[in-house]
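Peer 1: Questions regarding the structure given below will be posed in turn.
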Amino acid sequence: MSRNRKSGTVTIIPNLRIIDIAEEGKGVGKADELVVFVDKAVPGDVVDVRVVKKKKNFTEAVIESLHESSELRTDPFCQHFGTCGGCKWQHMGYDAQLTFKHKNVEAALQRLAKIDTSAMEPILGSAENKYYRNKLEYTFSNKRWLNKQDMVTEPVLENEEENTSTEKAEMEMNALGFHVPLRFDKILDIEHCYLQAEPSNTLRNTVRRYALENGLSFYDLRNHEGSLRNLIIRTSSTGEVMVVVVFAYVEQEQADGLMEYLKVNFPEITSLLYIINQKKNDTIFDQEVITYAGRDHIFEEMNGLKFKIGAKSFYQTNSEQAHELYKITKEFAGFSGDELVYDLYTGAGTIANFVASSVKQVIGVEYVPTAIEDAKFNSALNGIDNTVFYAGDMKDILTTQFIAEHGKPNVVITDPPRAGMHADVVARLLEMEAERIVYVSCNAATQARDLALLKEKYEVLRIKPVDMFPHTQHVENVVLLKFIGSVSPEAL
Numbered sequence: 062m063s064r065n066r067k068s069g070t071v072t073i074i075p076n077l078r079i080i081d082i083a084e085e086g087k088g089v090g091k092a093d094e095l096v097v098f099v100d101k102a103v104p105g106d107v108v109d110v111r112v113v114k115k116k117k118n119f120t121e122a123v124i125e126s127l128h129e130s131s132e133l134r135t136d137p138f139c140q141h142f143g144t145c146g147g148c149k150w151q152h153m154g155y156d157a158q159l160t161f162k163h164k165n166v167e168a169a170l171q172r173l174a175k176i177d178t179s180a181m182e183p184i185l186g187s188a189e190n191k192y193y194r195n196k197l198e199y200t201f202s203n204k205r206w207l208n209k210q211d212m213v214t215e216p217v218l219e220n221e222e223e224n225t226s227t228e229k230a231e232m233e234m235n236a237l238g239f240h241v242p243l244r245f246d247k248i249l250d251i252e253h254c255y256l257q258a259e260p261s262n263t264l265r266n267t268v269r270r271y272a273l274e275n276g277l278s279f280y281d282l283r284n285h286e287g288s289l290r291n292l293i294i295r296t297s298s299t300g301e302v303m304v305v306v307v308f309a310y311v312e313q314e315q316a317d318g319l320m321e322y323l324k325v326n327f328p329e330i331t332s333l334l335y336i337i338n339q340k341k342n343d344t345i346f347d348q349e350v351i352t353y354a355g356r357d358h359i360f361e362e363m364n365g366l367k368f369k370i371g372a373k374s375f376y377q378t379n380s381e382q383a384h385e386l387y388k389i390t391k392e393f394a395g396f397s398g399d400e401l402v403y404d405l406y407t408g409a410g411t412i413a414n415f416v417a418s419s420v421k422q423v424i425g426v427e428y429v430p431t432a433i434e435d436a437k438f439n440s441a442l443n444g445i446d447n448t449v450f451y452a453g454d455m456k457d458i459l460t461t462q463f464i465a466e467h468g469k470p471n472v473v474i475t476d477p478p479r480a481g482m483h484a485d486v487v488a489r490l491l492e493m494e495a496e497r498i499v500y501v502s503c504n505a506a507t508q509a510r511d512l513a514l515l516k517e518k519y520e521v522l523r524i525k526p527v528d529m530f531p532h533t534q535h536v537e538n539v540v541l542l543k544f545i546g547s548v549s550p551e552a553l
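In my numbering, the protein residues as written are 62 to 553.
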């Protein structure tokens, strides 16, 4: 067993072997039966670690020195790895990432739902693991996160007239990029991001440069001051581009200046929009979207269908892998052509419209009204006339009366947010007794919690994880459940 040594108030655990990786992406080791979660550690590493947080049953630590490097370890390809909050698994090979994602889903289902996972199907990896996202949202801040190298600046000589532009850039405190984990007011200035293809990087860097050269103030996240707040870039497989600039406290002349500059210098922009958001939070769903140039939307295509994507629309951020996810969902459902389908948490109706041609009718329910408007538009756009959509809180809409009016579904497809389904919704599913439920989830833990309740009347037939987000710990999981009737509590 490894033993701790203390240097002042610092606790060092030497020669810790990393044996697993946790659902949140940290390496896992054990020291004297104490579980140690280690940031940026890979199973197979042997490391000295410094304890940063102690809890009753576990400890969190960071690597002080690496004695043995795991064969699963690889060099991160992004210069921002380790500081940026995204792509936390870049230091591990992609095949290894898939192995551990599969394992984490399996462990959650076994531990939390007591589900037999022996027939679990292999995880489906993403064909692209760089530049796979169709949407990114960047944040402006007047408080740039400073790395250690930023603290070291060259002195200016007496006969030197002024700093070079490079030296000025080193002292620049404005940033356009991503939040640093656990530091809401600090933004990491991003030079190149591997998540979204061009023109994303060029657009972001151009907007930053224009803002600095023209004196547009960057947002102060603590005091809620400043002109520029967020930049949203959406792209589609059809080659269309949407740019949304979110301003806070800005003169109209300044806003028009930036928008016109983007219009002239990026003719490939299909939809050029802006928003004035002076609220304390960044959400735009209750804000007016102003079209400066082009359309107020772009189009995505999937499986011969077109989908309208607006500034507020929800659409899976990995377009190619979303197609694979929906094909698996459709296959699991096993449609014969005459089914009534309830699509819960339908979003913009992507799954509903995707399966509509294979069933009698689809009824979609979603909390966000604008998403439902998109869903209806997408059905009309594709000549689909067997979908019906309702907006409202799922637990309030999915009532006994609603089911009586619309009919008992043969199949339920549910794709809830990370928090999973409300207990009332699970109870309603048990009451309606659909023949099959296809449960799509981005959080295996909350999915397992819901499956444990559904076991009262359902058995799990198929399980297949799908990797939508390479180089992160996140994974989607698709589960097929079949109605078997009431089960005695002893059998659960």
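Even glycine gets a Cβ: it sits at the ideal position worked out from N, Cα and C.
(1) Counting only the same chain and skipping the five closest in sequence on each side, list residues whose C-beta sits under 6 Å from that of A236.
(2) Look at the Cβ atom of G398, then the Cβ atom of F375, and state whether they are nearer than 9 Å.
(3) In chain order, which beta strand (DSSP E) runs of at least 3 residues are fully inside the stretch 347-376?
(4) With burial defined as no fewer than 16 other Cβ atoms inside 10 Å of the residue's Cβ, what is the status of R290: buried or exposed?
(5) Hey, V350 and K324: beta-carbon distance below 9 Å or not?
(6) Is the Cβ-Cβ distance between F450 and A413 less than 9 Å?
(7) Under 8 Å: do the stretch 292-299 and the stretch 309-325 share three or more Cβ pairs, one atom per stretch?
(8) Check for me: the alpha helix (DSSP H) holding S440 runs from which residue to which?
(9) For E312 and chain D, any beta-carbon pair shorter than 9 Å?
(10) Would you check if the distance between the CB atom of V558 and the CB atom of I80 is smaller than 9 Å?
(11) Quick one: Cα of V472 to Cα of E466, how far?
(12) Less than 7 Å between C-beta atoms, sequence neighbours within five positions excluded: which residues of the same chain meet that for L159?
(13) Near E223, which residues of its chain fall below 7 Å by C-beta distance, leaving aside the five closest residues on each side in sequence?
(14) To the nearest angstrom, report how far apart K164 and F463 are at their CA atoms.
(15) Taking 9 Å as the threshold (C-beta atoms), are L490 and T475 in contact?
(16) Tell me the DSSP bridge mates of S380?
(17) Between which two residues does the alpha helix (DSSP H) harbouring I464 extend?
(18) For L512 and N538, I'd like the C-alpha separation in whole angstroms.
(19) Measuring only the C-alpha atoms, how far is V113 from V123?
(20) Output needed for M234: all residues of its chain with C-beta closer than 7 Å, excluding positions within five of it in sequence on either side, in chain order.
(21) Have a look at T214 and H141 and give me their C-alpha separation to the nearest angstrom.
(22) Since C148 and L197 are thought to touch, with beta carbons under 8 Å apart, how far apart are those beta carbons, to the nearest angstrom?
(23) So, at 6 Å on beta carbons, what are the nonlocal neighbours of I359 in its own chain, with the 5 sequence-adjacent residues on each side left out?
(24) In whole angstroms, what is the alpha-carbon distance linking E494 and Y519?
(25) Distance, Cα to Cα, A452 vs E427?
(26) Going by beta carbon distance, what residues of the same chain come within less than 7 Å of G546, once the five residues before and after it are set aside?
(27) Quick test of your reading: Y447 and K421, contact by CB under 8 Å. State the CB separation rounded to the nearest angstrom.
(28) I'd like to know if the stretch 375-389 and the stretch 310-317 are in contact, where contact means that at least 3 CB-CB pairs between them fall below 8 Å.
(29) At the level of alpha carbons, what is the spacing between D3 and T431?
(30) CA-CA distance, I345 and I293?
(31) Give me, in chain order, the residues of the same chain whose beta-carbon lies closer than 7 Å to that of V71; leave out the 5 immediate sequence neighbours on both sides.
(32) Taking all protein chains shown into account, do 16 or more other C-beta atoms lie within 10 angstroms of the C-beta of R265, making it buried, or fewer, making it exposed?
(33) Inspect the beta-carbon positions of V402 and I176 and report whether they are closer than 9 Å.
(34) Within the continuous beta strand (DSSP E) that includes M181, where are the two ends?
(35) Would DSSP call E329 helix, strand or coil?
(36) Is DSSP giving D454 helix, strand or coil here?
Peer 2: Working from what's here:
(1) Along the sequence shown, read from residue 1 onward, the residue named residue 236 stands at position 175. S202, R205, I248, D250, listed in sequence order.
(2) As a first step, residue 398 is located in the sequence shown; it is residue number 337 there, counting from the start. As a first step, residue 375 is located in the sequence shown; it is residue number 314 there, counting from the start. Their beta carbons are not under 9 Å apart, which means G398 does not touch F375 by this criterion.
(3) 351-355, 358-363, 366-371
(4) Sequence index remark: in the sequence shown, residue 290 carries index 229 (1-based). Label assigned to R290: buried.
(5) What you label residue 350 is simply residue 289 of the sequence shown in a count that begins at 1. What you label residue 324 is simply residue 263 of the sequence shown in a count that begins at 1. No, the pair does not count as a contact, with Cβ atoms beyond the cut-off.
(6) If you number the sequence shown from 1, residue 450 lands on position 389. If you number the sequence shown from 1, residue 413 lands on position 352. Yes; because the gap between Cβ atoms is below 9 Å, this pair is in contact.
(7) no
(8) Along the sequence shown, read from residue 1 onward, the residue named residue 440 stands at position 379. First-last of the alpha helix (DSSP H) with S440: 430-442.
(9) Of the chains in the structure shown, none is chain D; there is only one protein chain.
(10) Since the displayed the chain opens at 62 and closes at 553, residue 558 lies outside it and no answer follows.
(11) Numbered from its first residue, the sequence shown carries residue 472 at position 411. Numbered from its first residue, the sequence shown carries residue 466 at position 405. Using only the alpha carbons, I get a separation of about 17 Å.
(12) Here the question's residue 159 lines up with position 98 in the sequence shown. Closer than 7 Å at Cβ, skipping near neighbours: I184, G186, D528.
(13) The residue given as residue 223 occupies position 162 in the sequence shown. Confidence is the limiting factor: at E223 the pLDDT is only 40, short of 50, which leaves the residue's position unreliable and the question unanswerable from this model.
(14) Stepping through the sequence shown from its first residue, residue 164 is reached at position 103. Stepping through the sequence shown from its first residue, residue 463 is reached at position 402. Roughly 39 Å separates the two Cα atoms.
(15) For the purposes of this step, residue 475 is identified with residue 414 of the sequence shown, where counting begins at 1. For the purposes of this step, residue 490 is identified with residue 429 of the sequence shown, where counting begins at 1. In this structure, L490 lies closer than 9 Å to T475 by Cβ.
(16) Mapped onto the sequence shown, residue 380 falls at position 319. According to DSSP, which records beta bridges pairwise, S380 is partnered with nothing at all.
(17) On the sequence shown, position 403 is the one that residue 464 refers to. Note, I464: alpha helix (DSSP H), 461-467.
(18) Residue mapping note: residue 512 aligns to position 451 of the sequence shown, counting from 1. Residue mapping note: residue 538 aligns to position 477 of the sequence shown, counting from 1. Between L512 and N538, the C-alpha separation is close to 12 Å.
(19) For the purposes of this step, residue 113 is taken as the residue at position 52 of the sequence shown. For the purposes of this step, residue 123 is taken as the residue at position 62 of the sequence shown. In a straight line, the C-alpha of V113 is about 7 Å away from that of V123.
(20) Translated into positions along the sequence shown, residue 234 becomes position 173. Excluding positions up to five away in sequence, the list reads N203, K204, R205.
(21) On the sequence shown, position 153 is the one that residue 214 refers to. On the sequence shown, position 80 is the one that residue 141 refers to. No answer about T214 holds up, because its pLDDT of 48 lies below 50 and its placement is not dependable.
(22) Along the sequence shown, one-based indexing puts residue 148 at 87. Along the sequence shown, one-based indexing puts residue 197 at 136. With a Cβ gap of about 12 Å, C148 and L197 do not count as contacting.
(23) The residue labelled residue 359 in the question sits at position 298 within the sequence shown. So the qualifying residues of the chain are S297, E301, M303, T331, S332, I370.
(24) Here the question's residue 494 lines up with position 433 in the sequence shown. Here the question's residue 519 lines up with position 458 in the sequence shown. In a straight line, the C-alpha of E494 is about 9 Å away from that of Y519.
(25) Along the sequence shown, read from residue 1 onward, the residue named residue 452 stands at position 391. Along the sequence shown, read from residue 1 onward, the residue named residue 427 stands at position 366. Each residue's Cα considered, the two are about 5 Å apart.
(26) Here residue 546 refers to the residue found at position 485 of the sequence shown. Closer than 7 Å at Cβ, skipping near neighbours: K518.
(27) Your numbering for residue 447 matches position 386 in the sequence shown. Your numbering for residue 421 matches position 360 in the sequence shown. It should be noted that the sequence gives Asn, not Tyr, for residue 447. With a Cβ gap of about 7 Å, N447 and K421 count as contacting.
(28) In short, these stretches do not touch, since the Cβ pair count stays below three.
(29) Since the displayed the chain opens at 62 and closes at 553, residue 3 lies outside it and no answer follows.
(30) If you number the sequence shown from 1, residue 345 lands on position 284. If you number the sequence shown from 1, residue 293 lands on position 232. I345 and I293: Cα-Cα distance of roughly 11 Å.
(31) By 1-based counting over the sequence shown, the position of residue 71 is 10. Taken in chain order, the residues that qualify are R111.
(32) What you label residue 265 is simply residue 204 of the sequence shown in a count that begins at 1. Counting Cβ neighbours within 10 Å, R265 comes out buried, since at least 16 surround it.
(33) Residue 402 sits at position 341 when you count from the first residue of the sequence shown. Residue 176 sits at position 115 when you count from the first residue of the sequence shown. No, they are not a contact pair.
(34) Stepping through the sequence shown from its first residue, residue 181 is reached at position 120. Counting along the chain, M181 falls outside any beta strand (DSSP E), and DSSP gives it neither H nor E.
(35) Indexing the sequence shown from 1 puts residue 329 at position 268. Looking at E329 - three-state DSSP - the assignment turns out to be coil, as it is neither helix nor strand.
(36) Translated into positions along the sequence shown, residue 454 becomes position 393. D454: coil per DSSP, three-state reduction.
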